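In this note's numbering, the protein residues as written are 135 to 644.
Ideal Cβ placement from N, Cα and C applies to all residues, glycine included.
Since the structure is predicted, the reported quantities are computational estimates derived from the model, not experimental observations.
Here is the structure we will look at, set down as structure tokens.
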């Protein structure tokens, strides 16, 4: 069996890795890191005296074992005590005893966003120390995140500047989540290389941030008849503030958006940043010269199984490959109105929601009311467990059949691979000459064979009725004016991607 002393060659001075491995092999301390600043985790909650004795027992003949507190030279750690000792010809053997690495109890998203800000602040204000450190970039950055001149510039979910406890908790969270730490380091290093000026404040997004509050107040100046959706205006998860926001300088939303654009161009003012997990450099969004030249050349509505709860819109055109908006219910409630969700093939996350009301804003009129007229509890089971229409259901079914005929004959309508299996049922059951009882019998039989509960069936029927009416509306828009139709459906996609004309310039980091 390998002895503890055999972890280090007797004829050579001990290495940092050798010190780490020998102590960790005792089983009395846990793993941490074995780089130029070897650290072991104090999982057993050893006292200082216990750890000093462990060093002496592990390294027979070790002398002058001394504890040096954090931030006392030569200990450059802002958190953990360093123990130095002499052994085997080396006078400066050193090891750090760290606390346990534990995740924090608050929401994961908050940890991700505020820890990103803290890493960025450390790089802006202490990059010289990070670069000069003998530690790995990971440990050097984590150490500088605990400098009070760094963490006091970071404002968390409550709107207050971080204190040492909050900063330490975030460093521990990153140590426990190395994939996030790696991504943060890559993204933030690229960010400071792009925007060289250091912000005065690093702020997590909140509803009551002055720039957000004022944007909501004057939103109607650019977007009448629409409710304010902060993420559609600016999806920033965090803000970099170089100065205070003065609302009297901005009379309308266009003024704010011009200010945000100028802030990115000049590296001052206030900059919003949308965060996604990844390692790429920041990408300016909604900036002239950076916005892709989207051009819709066609759009297809793809219907799946008859009782599926969605319809997908596939876009065809310049720089639109892989983009789609899926319209569906987002809760298991038949009374809910369908909404869209933008997506791109290969993306790690969905882009964003598209409220159906935006269709009326883009196209004019009150078309969405037709969709809402066919939602609700439209079918129910009788005492024999057979489905029958409610009063609203009978009316809705008649409307859907009328719309179906127009949709089915449109050149934007098609079935996906699953929908092709049900295409005969679509054509038969929504045909106005087919007795409505056949549709109800279909629900009863399918519900039994697939074990679909009554509430689930009600939700499915409501969703399918709504998607058929929506499809008919889009088909009608294309027949009226193809160019206007393409502008409307592009607007719906850009709304979901937070790139509508009234959406603000910002950075996206992913």
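request  = Using alpha carbons as the reference points, say which of 232, 306 and 457 lies closest to residue 181.
outcome  = Position 47 of the chain shown, counted from the start, is the residue given in the question as residue 181. Comparing Cα-Cα distances from residue 181 to each of 232, 306 and 457, the minimum goes to 232.
Taking only three categories from DSSP, how would you classify residue 523? Taking the chain shown and counting its residues from 1, one reaches residue 523 at position 389. The answer is strand: DSSP assigns residue 523 an E or B state.
- Message: Checking 7 Å against the spacing of the C-beta atoms, do residue 437 and residue 576 come in under that value?
- Response: If you number the chain shown from 1, residue 437 lands on position 303. If you number the chain shown from 1, residue 576 lands on position 442. Contact: no.
| query | According to the neighbour-count rule (16 or more other Cβ atoms, all chains shown, within 10 Å of its Cβ), is residue 287 buried or exposed? | reply | The count along the chain shown starts at 1 and reaches residue 287 at position 153. By the 10 Å Cβ count, residue 287 comes out buried.
| Start-to-end residues for the beta strand (DSSP E) that takes in residue 641 | Within the chain shown, the letter at position 507 stands for residue 641. Where residue 641 is concerned, the enclosing beta strand (DSSP E) stretches over 640-643.
Q. Is the beta carbon of residue 367 less than 7 Å from the beta carbon of residue 638?
A. Here residue 367 refers to the residue found at position 233 of the chain shown. Here residue 638 refers to the residue found at position 504 of the chain shown. Yes; because the gap between Cβ atoms is below 7 Å, this pair is in contact.
Applying the 10 Å Cβ sphere with the 16-neighbour rule, what's the burial state of residue 329? The count along the chain shown starts at 1 and reaches residue 329 at position 195. Buried, by the Cβ-count rule.
Next item on the list: Look at residue 411 and residue 317 and say whether their C-beta atoms are less than 7 Å apart.
Entry: As a working note, residue 411 is residue 277 in the chain shown. As a working note, residue 317 is residue 183 in the chain shown. The answer is yes: Cβ separation under 7 Å.
Got a sec, what are the start and stop residues for the alpha helix (DSSP H) residue 282 sits in?
Along the chain shown, read from residue 1 onward, the residue named residue 282 stands at position 148. It spans 282-285 - the alpha helix (DSSP H) in which residue 282 sits, taken as one unbroken run.
Problem set entry | Residues near residue 377 by beta carbon distance below 8 Å, same chain, minus five either side | Taking the first residue of the chain shown as position 1, residue 377 is located at position 243. Correct list, in chain order: 334, 402, 403 and 404.
>> Could you tell me the alpha carbon to alpha carbon distance between residue 476 and residue 623, rounded to whole angstroms?
In response: Residue numbering aside, residue 476 sits at position 342 when the chain shown is read from its first letter. Residue numbering aside, residue 623 sits at position 489 when the chain shown is read from its first letter. Near 12 Å, if we compare the C-alpha coordinates of residue 623 and residue 476.
Using a 10 Å radius around the Cβ and a threshold of 16 neighbouring Cβ atoms, would you call residue 464 buried or exposed?
Along the chain shown, one-based indexing puts residue 464 at 330. Result: exposed.
Distance between residue 304 and residue 539 (C-alpha atoms, nearest Å)
Against the chain shown, residue 539 aligns to sequence position 405. Against the chain shown, residue 304 aligns to sequence position 170. Each residue's alpha carbon lies about 58 Å from the other.
Quick one, which of 445, 495, 511 and 595 has its alpha-carbon nearest residue 541's? Stepping through the chain shown from its first residue, residue 541 is reached at position 407. Measuring from the Cα of residue 541, the nearest candidate turns out to be 445.
*Which first and last residues belong to the beta strand (DSSP E) in which residue 433 is found?*
For the purposes of this step, residue 433 is identified with residue 299 of the chain shown, where counting begins at 1. Per DSSP, residue 433 belongs to the beta strand (DSSP E) from 429-437.
query: Where do the ends of the alpha helix (DSSP H) carrying residue 151 lie?
result: Position 17 of the chain shown, counted from the start, is the residue given in the question as residue 151. Segment 150-158, the alpha helix (DSSP H) holding residue 151.
**Request:** Please go through the same chain and pick out, in chain order, the residues whose beta-carbon is closer than 6 Å to the beta-carbon of residue 520, but skip the five residues on each side of it.
**Result:** In the chain shown, counting from the first residue as 1, residue 520 sits at position 386. 578.
Worksheet item: Does the region 594-602 come within contact of the region 496-512, defined as at least 3 CB pairs closer than 8 Å?
Response: Verdict: yes, contact present.
| request: Measuring alpha carbon to alpha carbon, tell me which of 152, 431, 523 and 615 ends up nearest residue 497. | output: Within the chain shown, residue 497 is the residue found at index 363, counting from 1. Comparing Cα positions, the closest option is 615.
Q) Shortest alpha-carbon distance to residue 506 belongs to which of 522, 189 and 526? A) Residue mapping note: residue 506 aligns to position 372 of the chain shown, counting from 1. Among 522, 189 and 526, the Cα nearest to that of residue 506 is on 526.
**Request:** Would you kindly report the start and end of the unbroken alpha helix (DSSP H) that includes residue 607?
**Result:** For the purposes of this step, residue 607 is taken as the residue at position 473 of the chain shown. Unbroken alpha helix (DSSP H) run through residue 607: 588-614.
Exercise. Just the C-alpha distance for residue 580 and residue 586, rounded to the nearest angstrom, thanks.
Key: Stepping through the chain shown from its first residue, residue 580 is reached at position 446. Stepping through the chain shown from its first residue, residue 586 is reached at position 452. Whole-angstrom Cα-Cα distance: 8 Å.
Practice item. Counting only the same chain and skipping the five closest in sequence on each side, list residues whose C-beta sits under 6 Å from that of residue 478. Key: Position 344 of the chain shown holds residue 478. Cβ contact annotation for residue 478 (same chain, cutoff 6 Å, sequence separation greater than five): 456 and 457, in chain order.
Nearest-angstrom Cβ-Cβ length linking residue 280 and residue 212, presumed shorter than 8 Å: The residue given as residue 280 occupies position 146 in the chain shown. The residue given as residue 212 occupies position 78 in the chain shown. Confirmed, about 4 Å.
| said: Tell me which residues share the same chain as residue 470 and place their Cβ nearer than 6 Å to its Cβ, disregarding the 5 neighbours each side in the sequence. | reply: In the chain shown, the residue the question calls residue 470 occupies position 336. 463, listed in sequence order.
Report yes or no: do three or more beta-carbon pairs, one from the region 182-201 and one from the region 216-228, lie closer than 8 Å? yes
Short check: CB of residue 225 to CB of residue 192, under 7 Å? Residue mapping note: residue 225 aligns to position 91 of the chain shown, counting from 1. Residue mapping note: residue 192 aligns to position 58 of the chain shown, counting from 1. No. Outside cutoff.
Next on the checklist: Using beta carbons (cut-off 7 Å, strictly below), is residue 182 in contact with chain D?
Outcome noted: In summary, chain D is missing from the structure at hand, where a single protein chain is found.
Practice task
Compare the beta carbon distance of residue 644 and residue 414 with 7 Å and say whether it is the shorter of the two.
Solution key: On the chain shown, residue 644 is found 510 positions in, with the first residue counted as 1. On the chain shown, residue 414 is found 280 positions in, with the first residue counted as 1. For residue 644 and residue 414, yes; Cβs fall inside 7 Å.
- request: To the nearest angstrom, report how far apart residue 571 and residue 531 are at their CA atoms.
  value: Here the question's residue 571 lines up with position 437 in the chain shown. Here the question's residue 531 lines up with position 397 in the chain shown. Cα to Cα, residue 571 sits roughly 11 Å from residue 531.
Rounded to whole angstroms, what is the Cα-Cα separation between residue 354 and residue 273? Counting from 1 along the chain shown, the entry for residue 354 is found at position 220. Counting from 1 along the chain shown, the entry for residue 273 is found at position 139. Going from the Cα of residue 354 to the Cα of residue 273 covers about 48 Å.
Exposed unless 16 or more other CB atoms sit within 10 angstroms - verdict on residue 611: Translated into the one-based positions of the chain shown, residue 611 becomes position 477. Counting Cβ neighbours within 10 Å, residue 611 comes out buried, since at least 16 surround it.
CA-to-CA distance, residue 386 to residue 250, given in whole angstroms
What you label residue 250 is simply residue 116 of the chain shown in a count that begins at 1. What you label residue 386 is simply residue 252 of the chain shown in a count that begins at 1. Each residue's Cα considered, the two are about 31 Å apart.
Q.
Going by DSSP in three states, residue 400 sits in which element: helix, strand or coil?
A. Against the chain shown, residue 400 aligns to sequence position 266. Three-state DSSP puts residue 400 in a helix.
* To do: Name the one or two DSSP bridge partners that residue 220 has.
  => Against the chain shown, residue 220 aligns to sequence position 86. Residue 220 pairs with 197.
Alpha carbon to alpha carbon, how far is residue 388 from residue 607?
Numbered from its first residue, the chain shown carries residue 388 at position 254. Numbered from its first residue, the chain shown carries residue 607 at position 473. Cα-Cα distance, rounded: 31 Å.
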